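Going from the sequence shown to our numbering is simple: count from 1 and add 952.
Every residue gets a Cβ at the ideal spot worked out from N, C-alpha and C, and that includes glycine.
Remember, it's a predicted structure, so these values are computed and weren't measured experimentally.
The structure appears right after this line, and notes come after that.
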Amino acid sequence: MVSLSLMVLLTIIALGLLTLSSISLRSTTNGNAIAEARANARLALMLAIGQLQKELGPDQRISASASILGKPQNSGTGTSNSTWLGCWNSWAGDNRFIAKRNSESDLAPDISENRKDSFRRWLVSPAVSLNLDELDAARSSLSGGSILLVGKGTLGEQAQDEQMARVPSLSIDSASDAKRTQGALAWWIGDESQKGLVHAGRNESDLGEPAQVLAEADSPSSIAEELYPGFNGPSPADEIKKASISRKTLELLSNTDAKLGSLYHDLTNHARSVMTDVREGGLKRDINLLAEHYDANFDERNGLPITDEFMMYDFDTKHRVPLHDLLTYYSLYKAQPAGSRGVLVSNGSKKPYTSSISHNEWSANKTALTTNLYRVPVQVKTQLAIWARAERSGPSRDRPYRLKFRFTPILTIWNPYNIPLVVNSMRGDELAIDLMGVSGDIAVWKPYKSSWRESSSLGGLTSGSGDDSNTTRELARMTIKQSVTFEPGEVRVFSMNKVYDNLRDVRELVPGYEPISGNEIDYYDLERSRGGGPDNPDDKQYTFEAREQIGIGFGESSEVKLKHSQGVAFETRPAPINNDTAWRIQALYSRRTVEYTADALRKFNNLIFKQGSRLDGVRSPGQDGTILYQQPYSMRNLDSKEGVIVGIFTYGIAGETEASDQWSGSQPRFPARPFLHSLPTAESPWIQDLSTAALYNLGWSWRIEDGNEASTEIVVDGEEGRYGGGWSAATGQSHVVQFELPQRPFHSLAQFSNAALGGWSIARNRPDDRSGGLNAHETVTAMGQGGLFPAVSMPIGNSYAHPQIPPEKAFTQWLMRKYENGFRNEPFVDHSYLANFALWDEYFMSSMADQTAGLYRSSQVQGRKAIQMAQDFFGPDATPLPNQRFLPMADAPWDKLRPELFKGNTPGDDAYAKIARYLVLEGGFNVNSTSVEAWKTLFASLRNKPTLVLPANSQSLKFDFEKHHDTTPVVENSIATGDSIEADSNLRSDSYAPEQWVGGFTLTDSQIEKLAEEMVKQVRLRGPFLSLSDFINRRLTPDVDLAKQGALQAAIEAAGLNAAASGRTVDTSRPSEFLRQQNEQDSDPIQFPEAAKGSTIRGSMAYIDQADVLRGIDSQLVPRGDTFVIRTCGQSKDAAGKVLATVYCEAVVQRLPTYLDPADKPETRAADLTSEINRSFGRKFIIESFRWLSPEEI
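What follows is the structure, given as structure tokens:
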């Protein structure tokens, strides 16, 4: 059947595709040698196209040149026939991991060297002595007859042998005498997708409009052709448009002063890609049109259904991540009301902003507020300052002082987003914050160093009476009532503004820090609450002499009844609170162990205290074997209005400094990568024990310090606090942007790196109530509780290995110790790997979306509706889409096409699956390219192009256009809140410089070149890539160098783009020294030590990650070619074998979105094809151009 199909195919090609003159192979004595040679050249062309159709017509194929076989460390190819084009089977299979039908092995592609096990054939004319089905054939020198098809006539006189294309010569026997050779033919095929396309993009005037600048950042319309050798500066777009007719006409550009032949393998004027899915076959699906038709909220009438088709990875109903997680993020820009339809408030005149969840919103939509994860004011630090002061209110001159203790909460709250965040935007809104139990005791020794002391838990201070017996209640109940607007990335401090007699009643927090605030009690209340001492506040037991020295100190608590948890805990939620709105938008819990004995609980409690303790001083015994540390204070020194801080408890999300702080020894006390392997907006982080894994996944830090510690400073600059580089003024910043919230419909897949992945978008469980049980975290809610572990930041586009997952795996099992019913293994996954696996091959973004919401409400930002875009695009003028790389390929006029794609003015049900039928991508760049020059111009696609800045402190919607002169911006956010800095700036040497936390980076031309060189090394080391996700992802292999990060990230590091920040690293691979000192076992050691080493700031604005670079190029990336140049040679020979004539020709052949046999629709996946022809030969090729070449052109 296949043989018959091949015959049919060749007939179609000969008669329908070539449309050349008929070929006669019969020789006559009167034949013309040139005509015969031409006939042989045309025959070679027909055979080459037939071979191309067979090998690269199907979708599930990959193309790469033989230069990919070269050693990565060599600048040359090291391959005899490096210009030969090869074909590999793609990494075929499901694009999503569904545990019930997929095995773990489905997640790993062929990892044989150079993907030898997937290799199919070299696409050159055959030779009897050479097996072109063998990968090593390209490494072999040609013996016998060969023909040069790309030589110095093409490449220039300085061409090296490795640049030339020499192929076997195929003899043609005489029709009348089998012993006589009548002629010869040969062919060579080149892949234009492995070159940079010189293309006329947006002109300079276009890039003076914000909408055009945004579109350019998502999908650059041109490469930096000026970086090619022989070019002197960029060319005007209009001039490129006129000169890009052929390779030769490109030499007419005013900015070229040399022949471009040497760039034959690096530069092209024609390369178009079909948007095909190389893994499953069929066409890619458009997320832009999908989001225009379907609501991210599956509960809505037009909600995206929860099916396997729209699932990215699924382990079971409680542990799955659907495409809804991405659509929820994408749709944030759309409009009010909030909920799944969007969160951005934009009126066109002021800067767009978002607001925290209102209690009214919750009342209207109790279980489906999936946008909460993008509206959370993050409590990054809580400080509990314990003050002591001496008050002159004693009964006598000899004992004039009373001792007062004040408990002052100071909260640092962060807006992690690149747009303003309003807390309490509606009348009646409040943000309630409860501080739960803290495992610490305060003690007073009278006098200093005495053996007798009076102690209390911290709950005794906040009760107002010194009574700490009721430990099941909150330590402090507080609320923010004011409407507060946080600037993008802003860190603000809140405290009370007065002193209260207790904190058990709800107290108001206001912006700024007031030292004399909180709750104050007398030493009399502290001692009397314990049942000791006379019932007379004027008794000398409760009053002090001026010169008297006392001891004040802290230690671990012996209490085991703390609410919800041990150690440190808090929760925030909208208020006013009642039984219907008792849910949390953020919380921290340190969970009890599953053992309920007092000894087990006390042990866990004490370990948590010791883990954070920096106390020193005189060691004194406490209750139940605990240790207290006392420091001396004189009453005279405590005599002031404020008093003196004698202790401070600090806990919160680790910044850079806290994550790498070692305190003592070589292992970080709180190992973490807070900007990568933690998600600060997740509702309920928790800690089950003090193992390395538990601390790493938590991403938090805490410490308990006495008044002598220098780091007890309470960091406040007006109302601003510090985060990012750290909690202190020396390391932290007042503005730190972590996540970009979309302010318009974007069309770069890499921007989804900001999306939160955990399955929260389809969760509909009720959030746990205020008295939640120990198994409450098993519940997964739309607000960000639970979810598929671990909760991470910046997953899509990046591919860093998680240190808790073995290098050769994309998921493992984690033994959870958080449940009332004991221990349980649950999935613990590499979200980056699984999401990239599901996304990059099946989906693309056409840029066809309604530009009516978000920034497009402003007159500064002009937009169109999706249907208008489509009409203009498919109309006679072919007006470009925002991604100007797409070209229309419709075979029908718009009035016939419209019903196929739209119902009324909105996209139809399956428009997202059909749209790729009707367009191709101009300049698709094959990630298997080994051209340094091509990679260089690709990476520099945004060179000299402006980027947009909306300064953080500006209230108006007024864009600054940041110019880039001879540099390339790395656009971490499409709208930055600050200017860029150079990637090699010494401002990156430590955490302090604020610029690195709010803006992007710029790269010099030399840095771009180095990046391109290192990228080619990675292509040769890992390639060919068998799918686009294979390029994006790290390799699942025991080889740690390949397993710890993706190819592009490896190139970024090797190129030194983060070298300026090289000193900001952490090694979390070592077992816990703290646990060893406590004679405790590290129950969850690191599984992938090499992944636990490296920069602490990965994933943050201060670091250049793979996803950051991808945002400027991902719209151009493909894993295979669809445009090919074919060169052939035909020879005529006499009876003695002498060559009488030699003729060369060249054709450009283009693959189309349509299948050869129209019986199957273009979007049909490979497994569903009904036509045998389509299964075997795939999509149609056409000849776009043909010409005869002179020998001098070869």
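For S1308 and V1688, the gap between their C-alpha atoms comes out near 18 angstroms.
Pairing Q2030 with N1649, the inter-Cα distance amounts to about 21 angstroms. Take the alpha-carbon of L1909 and the one of K1915: they are about 19 angstroms apart. For the pair of segments examined, the region 1168-1188 was found to touch the region 1134-1151: the number of CB pairs separated by less than 8 angstroms reaches three.
Between the alpha carbons of G1411 and L1427 lies a gap of roughly 5 angstroms. With contacts defined as CB atoms closer than 8 angstroms, Q1012 and V1230 qualify as a contacting pair.
If you compare the alpha carbons of T1269, A1892, A2011 with that of D1936, the shortest gap goes to A2011. Rounded to whole angstroms, the gap between the alpha carbons of L1980 and S1447 is 50 angstroms.
Looking at the DSSP output, W1766 sits in a beta bridge with E1778. Per DSSP, the continuous alpha helix (DSSP H) segment holding A2006 begins and ends at 1999-2006. By the Cβ rule, the region 1827-1843 does not count as touching the region 1307-1324, because fewer than three pairs are nearer than 8 angstroms. Contact between R2050 and D2057 holds: CB atoms are separated by about 6 angstroms, below the 8 angstroms threshold. Contact check for S2021 against P1755 passes: the beta carbons are separated by less than 8 angstroms.
Pairing K1200 with P1188, the inter-Cα distance amounts to about 18 angstroms.
In terms of Cβ geometry, I1432 and N1367 do not form a close pair [threshold 8 angstroms]. Between L1107 and M1116, the CB-CB gap stays under 8 angstroms. Per DSSP, reduced to three states, the secondary structure at W1679 is coil, with no helix or strand assignment. Per the C-alpha coordinates, the member of Y1795, E1497, Y1476 positioned closest to D1591 is E1497. R1459 carries a strand assignment under DSSP once its states are collapsed to helix, strand and coil. Within the region 1247-1283, the runs of alpha helix (DSSP H) that reach at least 4 residues and sit entirely inside it are, in chain order, 1276-1282.
Between K1193 and R1327, the alpha-carbon positions lie close to 45 angstroms from each other.
About 30 angstroms separates the Cβ atoms of S1435 and V1390, ruling out a contact at the 8 angstroms cut-off.
One Cα belongs to Q1685, the other to E1610, and the distance between them is close to 14 angstroms. The region 1919-2002 contains, as complete alpha helix (DSSP H) runs of 4+ residues, the segments 1957-1974, 1980-1984, 1992-1995 (chain order). Judged by DSSP in its simplified three-state form, R2072 adopts coil rather than helix or strand. The beta-carbon separation of R1554 and D1576, rounded to 6 angstroms, stays under the 8 angstroms limit for a contact.
Using a C-beta cut-off of 8 angstroms, the region 1099-1106 makes no contact with the region 1846-1864, since fewer than three inter-stretch Cβ pairs fall below that distance.
Rounded to the nearest whole angstrom, the CA to CA distance from E1460 to S1653 is 26 angstroms. Inside the region 2078-2135, DSSP marks whole beta strand (DSSP E) runs of 3 or more residues at positions 2091-2107, from first to last along the chain. Taken in chain order, the complete alpha helix (DSSP H) segments of 4 or more residues contained in the region 1542-1588 are 1550-1564. In terms of Cβ geometry, S1070 and G1038 do not form a close pair [threshold 8 angstroms].
The alpha-carbon of V1451 is positioned some 5 angstroms away from that of N1471.
Here DSSP, grouped into helix, strand and coil, assigns V1374 to strand.
Across the set V1330, L1478, P1257, A2043, the C-alpha of L1478 shows the shortest separation from the C-alpha of S1415.
Within the model, the alpha-carbon separation for K1270 versus D1487 is close to 58 angstroms. Between the alpha carbons of R1625 and N1938 lies a distance of about 22 angstroms.
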